[in-house]
Amino acid sequence: LLAWSGTVCVASVVGTSHLRNAQAQPRPSLLVYLHTEAKSAVLESALKERLPALEITVFGRFTDFEDALTARKPDAVLAILPLLVSQRIPVALQGLRENNEREPYVLLSSGASLDGSLSGKVIGVVDLLGRAGTQDFVGRLLKTPDLKFKRVTKIEDLLPLLQFSAAEGVLVPAVAVKSLTERSRLPLRVKNLDDAMVGLPAVGLLNVAARSLIVGQLQALDAATKRLLGIDRWRAL
Amino acid sequence: MRAWRQGAGLALLLAGCATTPVPDNSVSATAAAPAAMQALVDPTRRPGKALILIAMPDLDSFRAVRRSLVEEIRKEFDVVTSIVDPRTSPASFAATLASSGAVCVVLMNNPTVNLYRSYQRGRKGQGPVLPAVVVMSSFLEEVRDELDNATGVAYEVPGVTSFVNLRSMLQRPVRRVGVVHRPAFRRFVQRQAALARPEQITLVPQAVPNDAGPAEVRQALLSLKQSGVDALWVLNDNRLLGDGAFLETAWREAIDNLAVPVVVGVPALVNPELRFGTLAVLPDLDALGVQTANLLMEVAEDQWRAGGRAVELPVSTVTLMNMQQARLQFPLREGALQRIDRKLE
């Protein structure tokens, strides 16, 4: 209860201070590009409600995010760490889950095993970093340069790739396996991958002047919203 | 955020325009509204960039697919758009293809595919044809063999996608799904049954004659009730759905008696006021554009050999849930609301 009260307090302080500022200047903008189990609209609605001092836009498609990043020059970006690194955006907050800042990815296949070389295999993957960026990233992650890719826009679209035999395997965070196997009756097999660790969601800061407001708002997020983002706490950097 | 529109609505549906799976110039299953008045603008041509021609009707749903398609391929290709409407003749279409300088054409909707078929017939014995990637055209898998050097993304949402969505949302089991169909849909239904089987869902087909009236549809639904189904899948077949009166006399009471969730492929049918569908599963037009772009890039990497590629099935969908039915008849699982794109009250 005390912890909960504390969270409410912090949120109130941040919110009040914002209300004063909001009358004088526009809210700092936060662009979000994250693949979660929730629909983008659900994520956007939750973030807008809980981060009232920020101008939130959630993108479901990488190209839209990339365009906005160029055209709108946001104050901050919430995305998985590799995306912030690829865009050379300095990280202000790193998301953690069970004290880890990276999570393992695995390959899921239906029926046939993916043991042995992945060379030439068709792998389904969510668009993490755009077409070329995702191919490079996943090729390095799987240590296989000549993969063929089926790129989808949402995690949920990976399952149809297996149902339609359009991909021999799909790359997913290990944490997503449970929901996929609960959803499907396909004989799904999990292939663990050596060193396939990917950075969790992080917040990159493009406008240093807005740091305290942005960091304060995000740190004050409730546990349920953090879970929605796939983390349980932040570490300030 | 994703822009898709429920649009069109019941009036068009019941006028028999919206229910066909063929997104022709009138309406699509995703409910195209009349196109926005803003003219389509192609990106500026750049020297040395290969050109993709997009042949399409000027309707909102097609524009949505074009938008994401163009955004995905614009770094690699220039794009020029040619609007196809009922006035477009085979000769003028062939002339457009010939003079475009494009390396590949993207064809949207069935009339455009028919024009392309005429172009191919006219080119017989005169060298290679322009490769084609087809999207938003119904029963592409059926007509694909009649096209040279063409591939594409099918338009119909596979039944298994809808059934697995429904199963993941409802507390009740979904093991046997009934479907009423005309003979013309038999092969389509068989393919859907094969896709659903590995998901441990049995499709229970009930055929009706081509000219089925309300009595035949009611009898088919009664047969499904007797054989025991956990859900009903309603195909986008305008002849079986007909107008409002047909919907009322053929389907409504029988569906009430069936007392199972109803999966549809048209937004208007899941409108709570209609008391018909439980869940609508529609193609995600933005994602369809991305999938088309990916396929086009693969064809490009394969030196524009499109012919050997299987027609892809659409992988991304949007879901609309009739929340009245969910509350009163078919309770949802915990967390299901997060996976619904639009909740209709």
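The listed protein sequences correspond, in order, to chains A and B. Just so you know, we're using the working numbering here: the first sequence kicks off at 15 and counts up by one. Just so you know, we're using the working numbering here: the second sequence kicks off at 651 and counts up by one. Even for Gly, the Cβ is constructed at its ideal location relative to N, Cα and C.
Below 8 angstroms between beta carbons: does that hold for E182 (chain A) and S123 (chain A)?
Working through the first sequence from its first residue, we reach residue 182 (chain A) at position 168. Working through the first sequence from its first residue, we reach residue 123 (chain A) at position 109. It is a contact, given that the beta carbons lie within the stated cut-off.
Does the count of Cβ pairs from the segment 793-805 of chain B and the segment 819-831 of chain B closer than 8 angstroms reach three?
Short answer: they don't touch.
Quick check on E51 (chain A) - is its C-beta less than 8 angstroms from some C-beta in chain B?
Along the first sequence, one-based indexing puts residue 51 (chain A) at 37. It does; some Cβ of chain B falls within 8 angstroms.
Taking a contact to mean a Cβ-Cβ separation below 8 angstroms, would you say A858 (chain B) touches L874 (chain B) in this structure?
Here residue 858 (chain B) refers to the residue found at position 208 when the second sequence is read from its first residue. Here residue 874 (chain B) refers to the residue found at position 224 when the second sequence is read from its first residue. What sits at residue 858 (chain B) in the sequence shown is Val, not Ala. The Cβ-Cβ distance between V858 (chain B) and L874 (chain B) does not fall below 8 angstroms.
Opposite A216 (chain A) in the DSSP bridges: which residues?
Mapped onto the first sequence, residue 216 (chain A) falls at position 202. For A216 (chain A), the pairing in a beta bridge is given by DSSP as A:A93 and A:Q108.
Under 9 angstroms Cβ-Cβ, which residues of chain A neighbour L845 (chain B)?
Looking up residue 845 (chain B) in the second sequence gives position 195. Those are Q177 and F178, listed as they occur along chain A.
Consider the Cβ of K135 (chain A): report whether some Cβ of chain B lies at a distance smaller than 8 angstroms.
Mapped onto the first sequence, residue 135 (chain A) falls at position 121. No, its Cβ sits nowhere closer than 8 angstroms to a Cβ of chain B.
At the level of alpha carbons, what is the spacing between V91 (chain A) and V217 (chain A)?
Taking the first sequence and counting its residues from 1, the one referred to as residue 91 (chain A) is at position 77. Taking the first sequence and counting its residues from 1, the one referred to as residue 217 (chain A) is at position 203. In a straight line, the C-alpha of V91 (chain A) is about 6 angstroms away from that of V217 (chain A).
Please classify V814 (chain B): is it buried, with 16 or more other beta-carbons within 10 angstroms of its beta-carbon, or exposed?
Here residue 814 (chain B) refers to the residue found at position 164 of the second sequence. So V814 (chain B) ends up on the buried side.
With distances taken between CB atoms, is the gap from F835 (chain B) to D798 (chain B) smaller than 8 angstroms?
In the second sequence, residue 835 (chain B) corresponds to position 185, counting from 1. In the second sequence, residue 798 (chain B) corresponds to position 148, counting from 1. Going by C-beta atoms, F835 (chain B) is not nearer than 8 angstroms to D798 (chain B).
Answer yes or no: does any C-beta atom of chain B fall closer than 8 angstroms to that of S6 (chain A)?
What the structure shows of chain A is the stretch from 15 to 251, and residue 6 (chain A) is not part of that stretch, so it cannot be assessed.
Have a look at A:V136, A:L175, A:F79 and A:L172 and flag the residue whose alpha-carbon is nearest the alpha-carbon of L156 (chain A).
Along the first sequence, one-based indexing puts residue 156 (chain A) at 142. With distances taken between Cα atoms, L156 (chain A) lies closest to A:V136.
If I follow the unbroken beta strand (DSSP E) through A857 (chain B), where does it start and stop?
Taking the second sequence and counting its residues from 1, the one referred to as residue 857 (chain B) is at position 207. Unbroken beta strand (DSSP E) run through A857 (chain B): T852 to A857.
Measure the alpha-carbon distance for A700 (chain B) versus R41 (chain A) and round it to whole angstroms.
Along the second sequence, one-based indexing puts residue 700 (chain B) at 50. Along the first sequence, one-based indexing puts residue 41 (chain A) at 27. The straight-line gap from Cα to Cα measures roughly 42 angstroms.
Counting only the same chain and skipping the five closest in sequence on each side, list residues whose C-beta sits under 7 angstroms from that of A685 (chain B).
By one-based count along the second sequence, residue 685 (chain B) stands at place 35. Bear in mind that a pLDDT of 44 at A685 (chain B), under 50, signals an unreliable position, so the model cannot answer this.
Considering only the alpha carbon of each residue, which of B:V824, B:M819, B:T811 and B:M706 lies closest to A782 (chain B)?
Taking the second sequence and counting its residues from 1, the one referred to as residue 782 (chain B) is at position 132. Ranking the options by Cα distance to A782 (chain B), first place goes to B:M706.
Just to make sure I have the definition right: I need the residues of chain A whose C-beta is within less than 7 angstroms of the C-beta of R841 (chain B). Which are they?
Locating residue 841 (chain B) in the second sequence gives position 191, counting from the first residue. Those do not exist, as R841 (chain B) stays about 11 angstroms from chain A at its closest Cβ, beyond 7 angstroms.
Provide the residue span of the alpha helix (DSSP H) that contains L908 (chain B), from first to last.
For this step, residue 908 (chain B) is matched to residue 258 along the second sequence. Note, L908 (chain B): alpha helix (DSSP H), E903 to L908.
Can you look up Y805 (chain B) in the DSSP assignment and give me helix, strand or coil?
The count along the second sequence starts at 1 and reaches residue 805 (chain B) at position 155. Here Y805 (chain B) sits in coil by DSSP.
Could you check which residue in B:D893, B:P808 and B:V729 has the C-alpha nearest to that of A843 (chain B)?
To locate residue 843 (chain B), count along the second sequence from 1; it is residue 193. Of the listed residues, the one whose Cα sits closest to A843 (chain B) is B:P808.
Are L220 (chain A) and P88 (chain A) closer than 8 angstroms when you measure CB to CB?
Along the first sequence, one-based indexing puts residue 220 (chain A) at 206. Along the first sequence, one-based indexing puts residue 88 (chain A) at 74. Cβ atoms of L220 (chain A) and P88 (chain A): closer than 8 angstroms.
For R794 (chain B), count neighbouring C-beta atoms within 10 Å of its own C-beta (all shown protein chains included) and say buried if the count is 16 or more, exposed if not.
Here residue 794 (chain B) refers to the residue found at position 144 when the second sequence is read from its first residue. Buried, since its Cβ has 16 or more Cβ neighbours within 10 Å.
How big is the Cα-Cα spacing for A52 (chain A) and L242 (chain A)?
Residue numbering aside, residue 52 (chain A) sits at position 38 when the first sequence is read from its first letter. Residue numbering aside, residue 242 (chain A) sits at position 228 when the first sequence is read from its first letter. Answer to the nearest angstrom: the Cα atoms are 7 angstroms apart.
Report the residues of the segment 893-915 of chain B with a CB closer than 7 angstroms to any CB of chain A, ordered along the chain.
none
So, for L235 (chain A): in the same chain, excluding its five sequence neighbours on each side, which residues have a beta-carbon less than 7 angstroms away from its beta-carbon?
The residue given as residue 235 (chain A) occupies position 221 in the first sequence. These residues qualify, in order along the chain: R64.
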